[in-house]
Each structure stands twice: as C-alpha cells, then as structure tokens.
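A short worksheet on the structure shown next.
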Amino acid sequence: MAPETPRPGRPVRGSTTGRPIMALFDLLGRRWILRVIWELDQAPGPLTFRELRTVCGDISSSVLTRRLAELTEARLIEREEGYRLTRAGRTLVERLAPLTHWAAEWRNDIG
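Start counting the sequence shown at 129; every next residue gets the next number (the working numbering).
See below:
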C-alpha cells in the first residue's frame, strides 16, 4: 500500500508534530516530486500525462500516476486540458528560488 499524501496537522515521515513544514518536506522529498513540479513550471502550458512522462525521462507510469495524485491532493497541481501548477504550486516554485541560489553558492563553497 502506498504511503498517504503528507498533510499539515498529521504525522509524516520523520516527524510526529504535524507541522506544515514537515509535511511539505516529506512531500517534496518523495522521488520524482520535484522533477514533476520543475517540468510543469518550465512548460509553456499544461502537459498531458504522456508529455509529462516524456519530459521526466525514465519515470514509470505507475510512479507518475501516484505523484500526480499526491500533488493534486496537496493542491499544488490541477488537471485541466493537461496538468499544470495551481496558484499554490507557482508560489511554491517562487519560494524555492532562493534555495536554488543558495545551492549554487554552496556548490562553489564546497568545490
């Protein structure tokens, strides 16, 4: 049985507090989740399941199906003429941008 989609207020992997940040980290830490979000953010419009699978490379259909269900349940994506980020999903990508810059600096620091 697949693990439940992480939600604020519930225990998640590595934390029993129910804190929203821990639920977010659990969700974002799942294999392929960030890649799916990234590809949807980079797309000029909604992507079909087949298009999304193609741009994600070697993701299996079953894993992509589960990840899309989790992201939909978390209200980060929606399906309307294909899959696309919701307003919350787009905001998440914006909030992650500083981490992208930090990671680039970190790479330079540790060589």
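Every residue gets a Cβ at the ideal spot worked out from N, C-alpha and C, and that includes glycine.
Item to check | Where the beta strand (DSSP E) containing residue 207 begins and where it ends | outcome: Against the sequence shown, residue 207 aligns to sequence position 79. 205–207 is the extent of the beta strand (DSSP E) around residue 207.
Item to check | Minimum C-alpha distance to residue 207 - residue among 225, 168, 155 | outcome: Working through the sequence shown from its first residue, we reach residue 207 at position 79. Residue 207 has its Cα closest to that of 168, out of 225, 168, 155.
Checklist entry - With burial defined as no fewer than 16 other Cβ atoms inside 10 Å of the residue's Cβ, what is the status of residue 154: buried or exposed? => result Mapped onto the sequence shown, residue 154 falls at position 26. Counting Cβ neighbours within 10 Å, residue 154 comes out buried, since at least 16 surround it.
Next on the checklist: As a quick exercise: from 141, 136, 177, pick the residue whose alpha carbon is nearest that of residue 147.
Outcome noted: The residue you call residue 147 lines up with position 19 of the sequence shown. When each option's Cα is compared against that of residue 147, the closest is 136.
Next on the checklist: Can you look up residue 188 in the DSSP assignment and give me helix, strand or coil?
Outcome noted: Indexing the sequence shown from 1 puts residue 188 at position 60. Of the three classes helix, strand and coil, the one that applies to residue 188 here is coil, per DSSP.
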